[in-house]
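Asker:
In the working numbering, the protein residues as written are 7 to 200.
Structure representation (structure tokens):
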């Protein structure tokens, strides 16, 4: 079942024993806290691990330096490339010749010594595309974050943070199992056994 941003927050609010919301625009403390915290927590969860389900790839557009702009413009032969609008976390940067060994993130761009660049990254995607195991981890984290401002219970917030860490570990494990494991093909100790 695909959940929306409001549905994810409503479930988190139920977990801490408060009234669920049906819109971020409601006139309630729950809606205000959910509206303020949800985007940051969602992006933080997506940035916290190189999720396979959120991995994206794109050739980057080179930026031309703006007239009079000196702080962001590279002066060592490097090029500046624009990051995609849905960019959250960089996973790798490559060119036609292989991996780019040195790069630097700057504001909404990446600087490197290449003429073209292919970015593999974690991107922001619609909540309806989140897998169920990520939904569970996100709901647990939202509940932990919403708990203190809504209930002022430190002990309940501590419990929910521990629970959210367990859910995060389970989500990482589920995500890691979404592809064939890397095999050790050539290892000298295994070969020495004969």
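Idealized CB from N, CA, C, for every residue including glycine. Predicted, not measured: the structure shown is a model, and the values here were computed from it.
#1: Run through DSSP, which three-state label would residue 50 get?
#2: Would you verify that the beta carbon of residue 57 is, or is not, closer than 8 Å to some beta carbon of chain B?
#3: Kindly indicate which residue of 66, 51, 140 has the alpha-carbon position closest to the one of residue 114.
#4: Can you list, in chain order, the residues of its chain with a C-beta nearer than 8 Å to that of residue 116? Leave out the 5 residues immediately preceding and following it.
#5: Give the C-beta separation of residue 57 and residue 181 to the nearest angstrom, bearing in mind that I take them to be a contact with Cβ-Cβ under 8 Å.
#6: Looking at the secondary structure, which residues open and close the beta strand (DSSP E) in which residue 110 lies?
#7: Within its chain, find whatever has a CB closer than 7 Å to the CB of residue 173; leave out the 5 residues flanking it on each side and keep chain order.
#8: Near residue 62, which residues of its chain fall below 6 Å by C-beta distance, leaving aside the five closest residues on each side in sequence?
Answerer: Quick look at the numbers:
#1: Note: residue 50 maps to helix in three-state DSSP.
#2: In summary, chain B is missing from the structure at hand, where a single protein chain is found.
#3: For residue 114, the closest of 66, 51, 140 by C-alpha to C-alpha distance is 66.
#4: If the five residues before and after residue 116 are omitted, its C-beta is found closer than 8 Å to the C-beta atoms of 66, 86, 87, 89, 96, 99, 109, 110, 123, 125, all from its own chain and listed in chain order.
#5: Their Cβ separation, rounded to whole angstroms, is 5 Å, which keeps residue 57 and residue 181 in contact under 8 Å.
#6: Counted as a single uninterrupted DSSP element, the beta strand (DSSP E) harbouring residue 110 occupies residues 109 to 112.
#7: Cβ within range, chain order: 142, 143, 146.
#8: Only 127, 129 meet the Cβ criterion.
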